[in-house]
Each structure stands twice: as structure tokens, then as C-alpha cells.
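Enquirer: Residue numbers (full-length UniProt numbering): 1 to 437. Sharing a structure below in C-alpha cells format, with a few things to ask.
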Amino acid sequence: MSSSSSSTSFLLLGREVDVFLSFCCQTRHGYFQNILITYGIKTFLSYRCLENRFGPISQRTVKALEEARVAVVMTSGTKPCSIGFLEELIVILEFQEKGSLMVIPIFVTDNYFNAEEICQQYPEKAPSWRTALTELTNIAAEYQFSQNPAGMGLLDWFKKIAHDISLVSLYSTSNGLDGLVAMDRHMKVAYDLLDLEVDKEVRTIGIWGSGGVGKTTLARYIYAEIFVKFQTCVFLDNVENIEDKVLRFKGEEDPTVVTSSDHDWLEIAKAWRKHRKVLLIADDVNSIEQGKRIIKYAKWFAPGSRVILISQNKDLLVDAGVKHEYEVRSLRYDEALQIFSQFAFKQPYPPSDFEQLAVRAVHLAGFLPLALRLLGSFLAGKGRENWVAALFKLKAKLGGNIMEVWKLMEPSGDRGQEEWEPAADIMEGNESSEDET
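Written as C-alpha cells, this is what we have:
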């Protein structure tokens with residue numbers, strides 16, 4: 001599984017814990033946790049690895065496992081496994097067996113557990129521990145980044161894993177909605193088009209629609225739901241010069257040095273060369289030639305592979321050779337109001353005294369998910385007078401065209417790469433902003 005170097009996190013409906021972190025010893029855990037935090041991933045770090053006596057799993061730990069979508073289990077062949085780590089691993093795998101948790105193993109050194117000595121000390125527990133460690137090894141065999149790929153530095157390796165985790169964890173909710181607003185109906189159509197039960201062909205589907213409508217979010221959600229069914233998974237944000245990038249690695253078995261930005265293309269070249277079953281998602285396809293090249297390369301993947309092209313132009317996809325396509329349309333009114341309310345009021349509906357203003361805001365946002373998030377986040381916590389003034393000024397400055405919001409955004413430096421907000425001078429009505437270039 002691989003993903004490109006950015007991930008979209010809008011439409012999140014918040015949770016206390018995204019990822020549960022379990023380590024066999026105190027090795028690299030703080031380093032990896034900090035990388036996850038930079039991606040906006042909420043973590044729970046377990047210290048059971050420090051326990052060398054038997055005892056029940058704390059309720060706090062159980063609660064974190066119940067809420068988390070992913071558990072990362074990091075081991076090192078040079079460090080012995082503790083009683084606490086092994087007992088916790090059994091509980092983690094029980095949650096995975098119930099289907100409520102995805103387990104991602106990471107072997108810091110090699111695919112080996114230093115557990116033989118402790119198994120000899122406690123022979124009555126050894127069978128269950130060995131079974132759990134064997135299961136963890138089997139899971140690792142399904143995930144290409146459980147071990148550090150040749151030529152990739154530790155930072156790039158951990159970042160790749162963090163990107164994959166963000167795709168799985170950041171679109172889940174803690175309030176029972178189990179996903180994004182409106183995503184259930186999109187996913188139903190997507191599953192029909194993907195037809196994952198058919199393994200006799202490489203199937204290509206297209207997702208299209210206007211800017212900001214949620215195409216990329218849907219594609220990332222699909223990725224998070226189905227990546228475990230494929231040998232190689234790649235999410236490409238940028239498909240410019242695709243032929244040069246793939247051909248660059250076509251003849252190289254194991255390049256000496258691979259940067260984070262190169263790794264996706266190396267994986268595609270390997271999948272092409274080794275006839276692997278692939279999930280490839282290509283975002284922002286903006287020319288027929290790009291689409292044709294992607295479909296051409298996909299023919300060399302193994303049967304059962306799935307390729308998803310994302311574009312604003314349906315005709316482009318059809319002319320490139322896509323036979324199965326789906327249009328992502330604007331949200332329904334009730335869905336748009338729910339998303340806006342989650343960000344503006346932290347609840348799925350507006351308070352009665354803000355209902356009319358919320359309706360105006362939803363219409364101003366054009367029922368587009370990203371615009372609803374941006375506007376709701378900005379207005380959250382403000383009084384009615386501020387709402388009235390902000391909506392009036394925003395409408396006047398944008399001329400009623402919410403798509404212009406994209407030209408009036410700036411990153412908020414203290415909240416991470418993917419946290420964006422409307423430029424404050426626009427929302428507050430700073431007249432000097434119009435003259436800036």
C-alpha cells in the first residue's frame with residue numbers, strides 16, 4: 001500500500017483517538033508518534049511494553065481500542081518482548097477479529113520477534129503468545145511497508161505509513177455515523193462500478209464532477225475501504241509527466257536511493273514489471289493523453305486490478321477509454337446543512353436562533369463540501385451580528401460565486417499542512433485586501 005505525499009482531511013467529524021500505538025519496547029515510538037501528530041492524527045500511546053508482570057488491561061486502554069480505527073504494532077528483533085506487550089497484542093487482535101480495528105505491523109529491524117526466552121519462562125502462556133505473533137506476521141505479509149523498503153530512509157518510510165494511516169483513520173467518526181455525510185450512497189455506486197468480485201479483468205472507472213464537490217474525498221474513502229484486497233496500492237495526486245516517471249524506474253529492480261516523491265512511481269513500475277494486482281487512483285487527470293497513458297500501463301497489471309481516474313471532465317475520461325464512470329454531484333440540502341452544522345456548531349443541526357443564518361450560509365457555500373467546512377469553521381463561536389456581517393461581506397466580495405473562495409484562502413501555519421481557512425481579511429472585510437497582488 002502506498003499513498004502520495006498529501007492527504008485531504010476535510011469533512012472530518014472528529015474522534016478522540018484515531019490510532020492506537022503499541023510497541024514491544026521503547027524504540028522509535030516517540031519519533032513515529034510525532035510524525036503521526038504532524039498529519040493531524042490523534043494517537044493513544046500504550047506503555048504496556050514496560051510491564052513485566054501479569055495484570056488486566058486497563059479500562060482506559062480498552063476504551064482507546066474501541067474508538068481507534070487503526071492499531072500500529074511496532075516490534076524490534078533486537079529487543080525482547082515483554083509480558084505487557086504480548087498480553088496487549090492478544091487483545092488488539094481480538095478487536096481486529098471483530099472487524100472494528102485495522103492492525104498495521106511495523107518491524108523496525110527485521111521480521112523477527114525476540115520472544116523465545118519469555119515463552120520458555122511462561123510455558124502456559126506460550127501457545128497464545130506464539131499464535132498472536134504468527135498472526136501479526138501474516139498481517140504484515142499483506143502490507144508492503146511493514147518493513148523498510150530498500151533504499152528508503154527512516155523518515156520517508158514512517159511518512160509513507162503515516163499517509164496510509166491517514167487515509168484509513170481520518171474519515172471515520174466517533175458518533176456512529178461511520179463515515180462521511182453522503183458517503184454511503186456514493187460508496188454503494190462505487191462498489192457496483194468496481195465489481196470487486198470479478199478477477200478476470202483490469203477494470204478502470206472514472207469519477208468526475210465540479211471542483212470542490214468531493215471527488216477526491218470519495219476516492220480516498222474508497223482507497224481506505226478496499227486497499228487490503230490488493231498487492232500494490234498507489235494514490236497519485238499529480239500525474240504530470242507520468243510516462244517519464246514510470247519509465248525512469250521501469251528497468252530498475254531495487255534502486256540504491258529512493259526519495260518519498262519517487263516511491264509511488266517505483267511501485268507502479270514494479271507492479272507493471274511483476275504483473276501484480278494493483279489499486280491505482282490518479283487524481284486531477286486533466287488531459288486525454290494522461291488518461292490514455294494510465295490505462296495503457298494498467299493493462300500490464302494482474303487481472304483483478306482496479307484503476308480510478310478523477311477529473312472534472314466526463315468527456316475527457318470517456319475519450320481516454322474509461323467505460324465505467326460516476327458523477328459526484330453537489331450535496332442534498334439536508335446533507336449540506338449537516339456538514340455545515342458540524343463545523344459551525346459541533347452538532348448535526350443549527351440552533352433555532354441560527355437556523356435562518358445557517359440556511360443562508362449553506363446556499364452561499366453552493367452545497368460544496370469544502371466550502372461548507374471552511375465557512376462553518378470560520379463562523380464557529382461567533383455571535384449573530386458577526387455572522388450577518390461576515391455572510392454579507394463574503395457574498396459581496398465573491399459576487400455570489402463560492403468557487404472564488406479557493407483564490408482567497410491561505411494556510412494557517414500552526415495547524416498543519418491540511419488545515420485551511422478563508423483568508424481572515426476577506427471574512428472580516430479588510431478593504432485593502434482587494435488591491436493586493
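Cβ coordinates follow ideal geometry from the N, Cα and C atoms, glycine included.
(1) Which residue from 167, 323, 223, 89 puts its Cα closest to that of residue 134?
(2) Would you please state the rounded distance, in angstroms, between the beta carbons of residue 73 and residue 103? I believe it to be under 8 Å.
(3) Going by CA-CA distance only, name the one from 153, 83, 105 that's closest to residue 123.
(4) List the endpoints of the continuous alpha helix (DSSP H) containing residue 91.
(5) For the region 346-355 against the region 195-214, do three or more pairs of beta-carbon atoms, one drawn from each stretch, fall closer than 8 Å, so that the two count as touching?
(6) I need the straight-line Cα distance from residue 155 to residue 39, nearest angstrom please.
(7) Rounded to whole angstroms, what is the Cα-Cα separation between residue 209 and residue 296?
(8) Verify whether the separation of the beta carbon atoms of residue 302 and residue 276 is less than 7 Å.
(9) Would you say residue 59 and residue 43 are within 7 Å of each other, going by their C-beta atoms?
(10) My understanding is that residue 20 touches residue 65, with C-beta atoms under 8 Å, so please give their C-beta distance in whole angstroms.
(11) I'd like to know if the region 333-343 and the region 308-323 are in contact, where contact means that at least 3 CB-CB pairs between them fall below 8 Å.
(12) How big is the Cα-Cα spacing for residue 25 and residue 219?
(13) Pick helix, strand or coil for residue 325, following the three-state DSSP scheme.
(14) Specify the secondary structure class of residue 46 as computed by DSSP and reduced to three states.
(15) Grab me the residues of residue 185's own chain with a C-beta within less than 7 Å of its C-beta, minus the 5 sequence neighbours each way, in chain order.
(16) How far does the alpha helix (DSSP H) with residue 202 in it reach, from first residue to last?
(17) May I ask you to report which of helix, strand or coil DSSP gives residue 53?
(18) By the DSSP assignment, the beta strand (DSSP E) with residue 75 in it spans what residues?
(19) Quick one: give me the first and last residue of the alpha helix (DSSP H) that residue 123 is part of.
(20) Are the beta-carbon atoms belonging to residue 469 and residue 320 less than 7 Å from one another?
(21) Judging by CA-CA distance, which residue of 16, 137, 158, 347 is the nearest neighbour of residue 31?
(22) Can residue 200 and residue 207 be called in contact, C-beta distance under 7 Å?
(23) Apart from the five residues on each side of it in sequence, which residues of its chain come closer than 6 Å, Cβ to Cβ, to residue 148?
(24) Short check: CB of residue 361 to CB of residue 375, under 7 Å?
(25) Buried or exposed: residue 128, going by 16 or more other Cβ atoms within 10 Å of its Cβ?
(26) Since residue 354 is in the beta strand (DSSP E), which residue starts that stretch and which ends it?
(27) Thinking just about the alpha-carbon of each residue, which of 268, 161, 203, 267 is nearest to the one in residue 224?
(28) How is the alpha helix (DSSP H) around residue 183 delimited, first residue to last?
Expert: This is what the structure holds:
(1) Among 167, 323, 223, 89, the Cα nearest to that of residue 134 belongs to 89.
(2) Indeed, because the Cβ distance is near 6 Å, the residues count as touching under 8 Å.
(3) With distances taken between CA atoms, residue 123 lies nearest to 83 out of 153, 83, 105.
(4) Element bounds for residue 91: 83-97.
(5) With the cut-off at 8 Å, the region 346-355 and the region 195-214 do not touch.
(6) One alpha carbon belongs to residue 155, the other to residue 39, and they sit about 14 Å apart.
(7) Residue 209 and residue 296: Cα-Cα distance of roughly 24 Å.
(8) Yes. Within cutoff.
(9) Not closer than 7 Å, so no.
(10) Contact between residue 20 and residue 65 is confirmed by a C-beta separation of about 6 Å, below the 8 Å threshold.
(11) In short, these stretches do not touch, since the Cβ pair count stays below three.
(12) Those two C-alpha atoms are separated by around 36 Å.
(13) In the structure shown, residue 325 sits in a strand (DSSP, three-state: E or B).
(14) Coil.
(15) None.
(16) Careful: residue 202 lies outside any alpha helix (DSSP H) and carries neither H nor E.
(17) Coil at residue 53, not helix or strand.
(18) From DSSP, the beta strand (DSSP E) with residue 75 extends over 70-75.
(19) That residue, residue 123, is in no alpha helix (DSSP H); it is neither H nor E in DSSP.
(20) No answer is possible for residue 469: the residues shown for the chain start at 1 and end at 437.
(21) Looking only at 16, 137, 158, 347, the smallest Cα-Cα distance to residue 31 is reached by 158.
(22) It is not a contact, given that the beta carbons lie outside the stated cut-off.
(23) Result list for residue 148: 157, in chain order.
(24) Residue 375 is positioned such that its CB atom lies closer than 7 Å to that of residue 361.
(25) Result: exposed.
(26) That residue, residue 354, is in no beta strand (DSSP E); it is neither H nor E in DSSP.
(27) Nearest of 268, 161, 203, 267 to residue 224, Cα basis: 161.
(28) First-last of the alpha helix (DSSP H) with residue 183: 183-194.
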